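S.K.: Let me give you the structure first, and then I'll get to my questions.
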Amino acid sequence: MRTALLVIDVQQALCEGEYAMFDAAGVIARINAVSSQARAQGLPVIFVQHDEPEPPLLLDSPGWQLATGMDVQPGDIRVRKTTPDAFNATDLQAQLAQRGIERLIVCGMQSEYCVDTTVRRALALKYHVVLLADAHTSMDNEAITARQIIAHHNVTFRHMSSFGPRIKVLPVAQLQL
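Start counting the sequence shown at 614; every next residue gets the next number (the numbering used here).
In structure tokens form, the structure reads like this:
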């Protein structure tokens with residue numbers, strides 16, 4: 614089954630300062646490990662970047678750039694988006710179809726927004742999905758902590774079967790490309 618790694622919104626503004634995600638450095642290190650393995654096996658690595666009409670994620674601004682420490686290679690694919698859904702009004706699906714991709718390994722930021730929405734859309738589009746349990750993250754909100762948000766999404770997706778192909782939720786160490 615042709616596989617691609619989809620790295621969602623690991624952008625500088627989400628890794629430092631007011632909008633810093635929980636364990637951003639650890640998540641980046643785990644994503645780098647997986648992306649290195651993916652490239653070594655000839656799998657596409659796709660970086661999705663979120664655009665907003667103003668800072669901190671204003672197109673081409675310092676906060677919009679991929680996070681410091683991300684291992685990005687010239688052959689990697691980039692997709693810009695303006696909604697939580699990486700498929701909506703982007704060329705992501707065309708990029709995947711062109712490469713015959715049927716399985717997505719998903720990681721990135723922010724668990725309850727862009728990661729959640731993109732995973733659900735991928736399932737609805739009949740992709741097989743692996744969510745890397747320790748390579749997506751969020752930040753505390755008024756109701757619950759980032760750790761709780763991450764754990765909630767891991768449990769929710771682990772038990773989701775209504776889209777057909779069952780999603781797998783695995784830590785990076787258990788991933789088999």
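Cβ atoms here follow ideal geometry from the backbone N, Cα and C, with glycine treated the same way. Model, not experiment: these values are computed from the prediction.
1. What is the residue span of the alpha helix (DSSP H) that Gly-639 lies within?
2. Compare the Cα-Cα distances from Tyr-726 to each of Arg-615, Ala-617, Asp-622, Met-614 and report the closest residue.
3. Classify Gly-688 as helix, strand or coil using the three-state DSSP reduction.
4. Measuring straight from C-alpha to C-alpha, what distance separates Asp-673 and Gly-721?
5. Are three or more beta carbon pairs between the stretch 677-688 and the stretch 703-718 nearer than 8 Å?
6. Taking the CB atoms as reference points, tell me whether Gly-630 and Val-658 lie closer together than 9 Å.
7. Using 8 Å as the Cβ pair cut-off and three pairs as the minimum, do the stretch 634-643 and the stretch 749-761 touch?
8. Helix or strand or just coil, what does DSSP make of Phe-700?
9. For Glu-629, which of helix, strand or coil comes out of DSSP?
10. Spatial neighbours of Asp-698 within its chain, please: C-beta separation below 7 Å, excluding the five flanking residues on both sides.
M.R.: Looking at the coordinates:
1. DSSP places Gly-639 inside the alpha helix (DSSP H), whose first and last residues are 637-653.
2. Taking only the C-alpha atoms, the option nearest Tyr-726 is Asp-622.
3. Of the three classes helix, strand and coil, the one that applies to Gly-688 here is coil, per DSSP.
4. Between the alpha carbons of Asp-673 and Gly-721 lies a distance of about 19 Å.
5. Cβ pair count under 8 Å is below three, so no.
6. Val-658 sits away from Gly-630, with the two beta carbons spaced by 9 Å or more.
7. Result yes; three or more Cβ-Cβ pairs closer than 8 Å.
8. DSSP places Phe-700 in the coil class of the three-state scheme, outside both helix and strand.
9. Note: Glu-629 maps to coil in three-state DSSP.
10. Only Thr-730, Thr-731, Arg-734 meet the Cβ criterion.
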